[in-house]
Amino acid sequence: MRRTIQRALLIVLAGGALGLVANAISTRGIPYIAPPKPRLQARDTVPLHEAQELWRSGTTFFLDARSPADYAAGHIANAFSLPVEDFDQQYPRVATLLTPDSSIVVYCDGQQCDLSHRLMVKLSELGYRHVRVLVNGWTVWQTAGLPSRKGEQP
Amino acid sequence: MKAVALLLRLALGGAFIIAGALKFLQPATFAADIGNYRLLPHEAINLLAITLPWIEVVAGVLLALGVWRRASAGVIAVMLMVFLIAIGQALARGLDVRCGCFGTVEARRVSVLALGQDTALLAVAAWLVWREKN
Numbered sequence: 263m264r265r266t267i268q269r270a271l272l273i274v275l276a277g278g279a280l281g282l283v284a285n286a287i288s289t290r291g292i293p294y295i296a297p298p299k300p301r302l303q304a305r306d307t308v309p310l311h312e313a314q315e316l317w318r319s320g321t322t323f324f325l326d327a328r329s330p331a332d333y334a335a336g337h338i339a340n341a342f343s344l345p346v347e348d349f350d351q352q353y354p355r356v357a358t359l360l361t362p363d364s365s366i367v368v369y370c371d372g373q374q375c376d377l378s379h380r381l382m383v384k385l386s387e388l389g390y391r392h393v394r395v396l397v398n399g400w401t402v403w404q405t406a407g408l409p410s411r412k413g414e415q416p
Numbered sequence: 085m086k087a088v089a090l091l092l093r094l095a096l097g098g099a100f101i102i103a104g105a106l107k108f109l110q111p112a113t114f115a116a117d118i119g120n121y122r123l124l125p126h127e128a129i130n131l132l133a134i135t136l137p138w139i140e141v142v143a144g145v146l147l148a149l150g151v152w153r154r155a156s157a158g159v160i161a162v163m164l165m166v167f168l169i170a171i172g173q174a175l176a177r178g179l180d181v182r183c184g185c186f187g188t189v190e191a192r193r194v195s196v197l198a199l200g201q202d203t204a205l206l207a208v209a210a211w212l213v214w215r216e217k218n
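Protein sequences, first through last, are from chains G and C. Each residue of the first sequence is one higher than the last, beginning at 263 in the numbering used here. Each residue of the second sequence is one higher than the last, beginning at 85 in the numbering used here.
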């Protein structure tokens, strides 16, 4: 029993050591300690009442960062689906609608959900200048009784 | 029974070699997958993403080769238990996250199916640990 535990520990240590070495020499290596998550700045978010105004004006694109299944189960009316987990595949479909100056609101669901934040970062990197996050978007939108839809269409 | 044990060792060891290799080929993706489970402090995620795949591979190779059978099956069993907890809590909290079980080869989300698979593998590993007792 004791010998088995010693051997098991050795396996874990050997594997861990190999991993550390491999990570050091691999071109795909990642930092040993993850850099702190970029925090969402206040200026990157849009409050609900303002989002509501933007939605009414019809001049702003709403993008749903969640999975297609979540989108189909219910989304902000007229919002387009752009699942951040599948960004490269899905982006071209939405790109035809947008210009760098488009006003864009991205959202997902839940206070902790960072899908919308990640989508904002991706879009900003592509040159979109006016992207903001509606924090906990789907929940606050629904709770406020604002227009929503089900299905795959916006 | 000996032939069954050999087959199961090869299958379980092989599964862990493949699962580990697919993960260490894409460490950044695996780190993101771990993060999505929201179990670990942010700072600990990368370290686990770097080391876990290689522990899987080492244990898988030893088990498949029949070296230190009990210890390697035991390490695999413990890993499977940890995966079970991770998947179970994700399901319980309603997290819709990619399983990350076999890298990105399968875009599978955590599901009851993954839970069942994990349990089946755990049963095999536990049986091997028990069998190699003597």
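Note that the Cβ used here is the ideal one computed from N, Cα and C, for glycine as well.
Below-7 Å beta-carbon distance, residue i vs any chain C residue
i, result
"residue 293 of chain G", "yes"
"residue 276 of chain G", "yes"
"residue 391 of chain G", "no"
"residue 285 of chain G", "yes"
"residue 290 of chain G", "yes"
"residue 264 of chain G", "no"
"residue 280 of chain G", "yes"
"residue 355 of chain G", "no"
Contact set for residue i: own chain, Cβ-Cβ below 8 Å, skip 5 residues either direction
i, result
"residue 167 of chain C", "185 and 202"
"residue 206 of chain C", "161, 164, 165 and 168"
"residue 93 of chain C", "147, 148, 150, 153, 157 and 212"
CB contact flag (residue i, residue j, <7 Å)
i, j, result
"residue 101 of chain C", "residue 144 of chain C", "yes"
"residue 157 of chain C", "residue 209 of chain C", "yes"
"residue 344 of chain G", "residue 352 of chain G", "yes"
"residue 153 of chain C", "residue 216 of chain C", "yes"
"residue 292 of chain G", "residue 115 of chain C", "yes"
"residue 159 of chain C", "residue 273 of chain G", "yes"
"residue 397 of chain G", "residue 386 of chain G", "no"
"residue 395 of chain G", "residue 306 of chain G", "yes"
"residue 304 of chain G", "residue 324 of chain G", "no"
First and last residue of the uninterrupted alpha helix (DSSP H) at residue i
i, result
"residue 215 of chain C", "196–215"
"residue 332 of chain G", "330–335"
"residue 289 of chain G", "Run containing residue 289 of chain G: none; DSSP gives neither H nor E here."
"residue 141 of chain C", "126–149"
"residue 113 of chain C", "111–120"
"residue 237 of chain G", "As shown, chain G starts at 263 and ends at 416. That puts residue 237 of chain G outside it, with no answer to give."
"residue 153 of chain C", "153–176"
"residue 384 of chain G", "377–387"
Neighbour flag for residue i against chain G, beta carbons, 7 Å
i, result
"residue 125 of chain C", "no"
"residue 115 of chain C", "yes"
"residue 130 of chain C", "yes"
"residue 159 of chain C", "yes"
"residue 198 of chain C", "no"
"residue 154 of chain C", "yes"
"residue 112 of chain C", "yes"
Limits of the unbroken beta strand (DSSP E) element including residue i
i, result
"residue 369 of chain G", "365–369"
"residue 325 of chain G", "322–326"
"residue 395 of chain G", "392–396"
Close Cβ partners of residue i (< 7 Å) along its chain, the five nearest in sequence each way excluded
i, result
"residue 111 of chain C", "133 and 134"
"residue 404 of chain G", "410"
Contacting residues, own chain, Cβ-Cβ under 6 Å from residue i (five flanking each side not counted)
i, result
"residue 381 of chain G", "327, 346 and 368"
"residue 409 of chain G", "339"
"residue 126 of chain C", "none"
"residue 414 of chain G", "334"
Tell me which residues of the segment 304–338 of chain G have at least one Cβ-Cβ distance to chain C shorter than 9 Å, keeping chain order. 328, 329, 331 and 332
Would you list, in chain order, the members of the segment 133–151 of chain C that have their beta-carbon closer than 8 Å to a beta-carbon of chain G? 133, 134, 135, 136, 137, 138, 139, 140, 141, 142, 143 and 146
Closer than 8 Å between beta carbons: that is the criterion. Which residues of the segment 93–107 of chain C meet it against chain G? none
Residues from the segment 381–410 of chain G in contact with chain C, defined by Cβ distance under 8 Å: Per Cβ criterion, the list is empty.
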